[in-house]
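Reading through the structure tokens given below for one structure.
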Ligand SMILES: [Zn+2]
Ligand SMILES: [Zn+2]
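Residue numbers (this note's numbering): 18 to 290.
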């Protein structure tokens, strides 16, 4: 038996209710239990940009049936939170309000996957769309300020999401401190509104040295009075679930966090780390 020093939680996970994930929710739950995760939030993709291949795929009634059924089966081994990852909630406020009011969600991630509604930050073309990759990142962080200020979310996900995909464009030259003022403006909105950010460990499993966002952003957030921090693997397969949580905890502690946020019906609850 493996003993863990803190309660392991994974607050960013996908299942086959997201179009880019092939694994049923039950596989992800079993993998989480095996990985020692005691609480998991399933945050399926909710996209309204018609260009996105995941748009309008999320079957909400089927998801809620699954959540309720698996809570009955696995509820004594793991707490299952009903989450949703909304892309660009600031651009689609009406659709966002409709879906958030339709179900008793526990947890809402706000994400920026499409810059200015038309540039897919996942694609190599994003890094050359404005002449150079530094300008692409600058524009990304500027729009993230609007999301942070106006969007409906609990946690801003992967604040530097394009950093996952532009390695060919920027190699070792990416240093998020170049955009410190833009990022501090994002964090100020988050702090003022009592929202939070996540440490997304997805890049670590791909061999990158830093999560999204890098540790220094977690330090800035704490220094600015940030209270709510979640960690998530952004898993799209069972072997991703619970990945690199220990590393994320170490980053959180080094920044001065003594607690992580968990959510029930969108109310934060702090757990010690
Ligand atoms: Zn995402
Ligand atoms: Zn995700």
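Glycine residues also receive a C-beta, built at the ideal position from the N, C-alpha and C atoms.
With DSSP as the reference, please indicate the residues paired to residue 214 in a beta bridge. Residue 214 pairs with 173, 246.
Stretch-stretch touch, CB-based, cutoff 8 Å, three pairs: the stretch 133–148 with the stretch 84–93: By the Cβ rule, the stretch 133–148 does not count as touching the stretch 84–93, because fewer than three pairs are nearer than 8 Å.
So if DSSP puts residue 61 in a beta bridge, which residue, or which two residues, is it bridged to? Bridge partners of residue 61 according to DSSP: 101.
Cβ-based neighbour list, residue 229, same chain, cut-off 7 Å, excluding 5 preceding and 5 following: For residue 229, same chain residues with a beta-carbon under 7 Å away, outside a window of 5 residues either side, are 175, 176, 177, 178, 180, 181, 217, 219, 220 in chain order.
Quick check on residue 124: does DSSP put it in helix, strand or coil? If DSSP states are grouped into helix, strand and coil, residue 124 belongs with the strands.
Outcome for residue 29 when other beta-carbon atoms lying within 10 angstroms are tallied against a minimum of 16: Result: buried.
State whether the stretch 65–83 contacts the stretch 232–250, with contact taken as three or more CB pairs (one from each stretch) at a distance under 8 Å. No: the two stretches stay apart, fewer than three of their Cβ pairs being nearer than 8 Å.
Given a cut-off of 9 Å on the beta-carbon distance, is the pair residue 103 and residue 169 in contact? In contact: residue 103 and residue 169 (Cβ atoms closer than 9 Å).
Any chance you could list the alpha helix (DSSP H) runs of at least 4 consecutive residues sitting entirely within the stretch 137–174, in chain order? Taking only runs of at least 4 residues, the alpha helix (DSSP H) segments lying wholly in the stretch 137–174 are 150–167.
Check for me: the beta strand (DSSP E) holding residue 25 runs from which residue to which? 25–30 is the extent of the beta strand (DSSP E) around residue 25.
May I ask which residues mark the beginning and end of the alpha helix (DSSP H) holding residue 78? Per DSSP, residue 78 belongs to the alpha helix (DSSP H) from 77–91.
Starting from residue 279, follow the beta strand (DSSP E) in both directions and report where the run begins and ends. First-last of the beta strand (DSSP E) with residue 279: 276–281.
On the three-pair Cβ rule with 8 Å, is the stretch 111–118 touching the stretch 156–167? With the cut-off at 8 Å, the stretch 111–118 and the stretch 156–167 do not touch.
Spatial distance of residue 200 from residue 158 (CA atoms): Computed Cα separation, rounded: 6 Å.
Cutoff 7 Å; reference residue 108; Cβ partners in own chain excluding five residues on either side: Result list for residue 108: 134, in chain order.
From this set, 35, 97, 209, 74, which residue's C-alpha is nearest residue 49's C-alpha? Out of 35, 97, 209, 74, the CA that lies nearest to the CA of residue 49 is found in 97.
Can you name the start and end residues of the alpha helix (DSSP H) that residue 204 belongs to? First-last of the alpha helix (DSSP H) with residue 204: 197–209.
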